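Shown next, in structure tokens, is the structure this report addresses.
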Amino acid sequence: MVKKIENKIKKADAYAKSILNSKQDDSGMSALEKEALSALNDGSYKAWREKSIKVYNQEENWKRVEAQIKGRRNTPVYRTMQFWQSIAAVFVIFILAGGAYFIFNDLITTKPELIQPGTSLAYLEVNGDERIALAQKDTVLQFSKTKAMVNSGKITYSLYDSELSRNEYHKINVPRNGEYYVVLPDGTKAWVNSASSIGFYSQFSANKRIIELQGEAYFEVEKDSLRPFIVRTTNMDVRVLGTHFNVKAYADEDYTYTTLSEGKVQLTMGEKRANMIPNQQIVLDNLTGKYEAKQVDASIYTAWKDGKFIFRDEPLENIMSCLSRWYDIEVFYPNQDIKKELFSMRVNRYEDIDALLKKMEKTGALRFTLSKKAVVVER
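Residue numbers (our numbering): 771 to 1149.
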């Protein structure tokens, strides 16, 4: 047993020196250990280790082990197993004190993937074929009826005289972990949230302006009394002349939410119609077609476009759905009942997810386990 402990200390010492030494010797290591050593071998890692790891004095630490052994020579036989467990614990403490523990820990532990909040990211499809990444800066795109200036996180359309009669269909797709700001050909502003898309013709017709939406977007509509602005989703149409409102219509959710900030809108839901006033929200059940109108603080439901997450008495499932799209994570619930519990919070949308989850844990009702791109939610 003593020999095994001594060999482990020698191996830890060898690993520490190998990682910190520019001339690394990986002889005697297994294939897995060599792979781990290779992954750890970069400048920033070694610089950190040089500051963190003390010089490992094998002889001094081994003397401390022997002293522990001598102190227990008269230990009864029936406590032998407990004695060796203590020696093993002493060994771990010595490795920790010498710094080699950090090396072992890094070699056997996979660090969780860094989960970043979303950023300005979108792709433009023209007539369902051409796919253009909208990541370029100060780029002008020329089309048959319009041209578009692409800046960082923004695309601005404008009409121009053209002899071409073809009217193209544009679709701006924002993936998970993304968001994008669009100025449409009529001057209407649209903020498109994660896992969402808006589709429109490059030149609106003479009597109406139609936008097709999947997912969530906030609109500030340019006034035009002759051409109503219509946002079309799978289950309803939102008709306005000029106003500010938010529509949330994700295909994987059971409800469609329309929230009005200012102005007036009219909703058409199959055979049903409803008129809205500011700070009102209409929630449509996508399955039954029934809807509910309620008074709300519209700023809560539009805060995402201003870089904030605000939830007030919101089911946990709804909160985590928003976070899953924004941080591009998968959420799992061992206990399904917790999904319906209500929570309130206000956080920076661009905050690190670890800090955000810790704030939620302070309620004492939740515990999160983060592993790579997955979050497990428990009581």
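All C-beta atoms in this analysis are idealised placements derived from N, C-alpha and C, irrespective of residue type, glycine included. The structure presented is a predicted model; accordingly, all values stated were derived computationally and were not measured.
Exclusion of the five residues before and after residue 897 leaves 938, 939 as the residues of its chain whose Cβ lies within less than 7 Å of its Cβ. Counting C-beta pairs with one atom in each stretch, the stretch 1036 to 1056 and the stretch 1089 to 1108 have fewer than three that are closer than 8 Å, which means they do not touch. Put simply, of 1068, 1076, 908, 912 the residue whose alpha carbon is nearest the alpha carbon of residue 1048 is 1068. Residue burial is scored here from C-beta neighbours: residue 1077 has fewer than 16 other C-beta atoms within 10 angstroms and is therefore classed as exposed.
Three or more pairs of CB atoms, one per stretch, sit closer than 8 Å, so the stretch 1054 to 1066 contacts the stretch 1000 to 1012. In its chain, beyond the 5 residues on either side, 956, 979, 1011, 1012 have a beta carbon closer than 8 Å to the beta carbon of residue 994. Here residue 1147 really is in contact with residue 1103; their C-beta atoms are around 5 Å apart, less than 8 Å. Going by C-alpha positions, residue 917 is about 6 Å away from residue 927. Residue range 893 to 896 is occupied by the beta strand (DSSP E) that includes residue 894.
For residue 953 and residue 970, the gap between their C-alpha atoms comes out near 12 Å. Inter-segment contact for the stretch 883 to 903 and the stretch 1128 to 1145 is present: three or more beta-carbon pairs are separated by less than 8 Å. Within the same chain, and ignoring the five residues on either side of residue 895 in sequence, the residues whose Cβ sits closer than 6 Å to its Cβ are 901, 941. Per DSSP, the continuous beta strand (DSSP E) segment holding residue 961 begins and ends at 959 to 962. Per DSSP, the continuous beta strand (DSSP E) segment holding residue 926 begins and ends at 924 to 929. When 920, 1130, 960 are compared, the shortest CA-CA separation from residue 908 is found for 920. Residue 1000 and residue 968 have their C-alpha atoms some 12 Å from each other. Residue range 1137 to 1141 is occupied by the beta strand (DSSP E) that includes residue 1141. DSSP, reduced to helix, strand and coil, places residue 1013 outside both helices and strands of the structure shown, so it counts as coil. Around residue 982, the same chain offers 969, 1002 as residues with beta carbons nearer than 6 Å, after the five sequence neighbours per side are excluded. Bounds of the alpha helix (DSSP H) holding residue 1124 are 1123 to 1131.
Counting along the chain, the unbroken alpha helix (DSSP H) around residue 1095 starts and ends at 1086 to 1097.
Rounded to whole angstroms, residue 1050 and residue 1073 show a C-alpha spacing of 15 Å. Exclusion of the five residues before and after residue 1110 leaves 1085, 1086, 1087 as the residues of its chain whose Cβ lies within less than 8 Å of its Cβ.
For residue 1136, same chain residues with a beta-carbon under 6 Å away, outside a window of 5 residues either side, are 1130 in chain order. Scanning the stretch 1022 to 1082 from its first residue to its last, the whole beta strand (DSSP E) runs of 3-plus residues come out as 1025 to 1032, 1035 to 1039, 1042 to 1046, 1050 to 1055, 1061 to 1065. DSSP links residue 966 through a beta bridge to 944.
The C-beta distance from residue 958 to residue 991 rounds to 5 Å, short enough to meet the 8 Å contact threshold. Checking the DSSP bridge columns, you'll see residue 901 partnered with 895. Rounded to the nearest whole angstrom, the CA to CA distance from residue 1106 to residue 965 is 24 Å.
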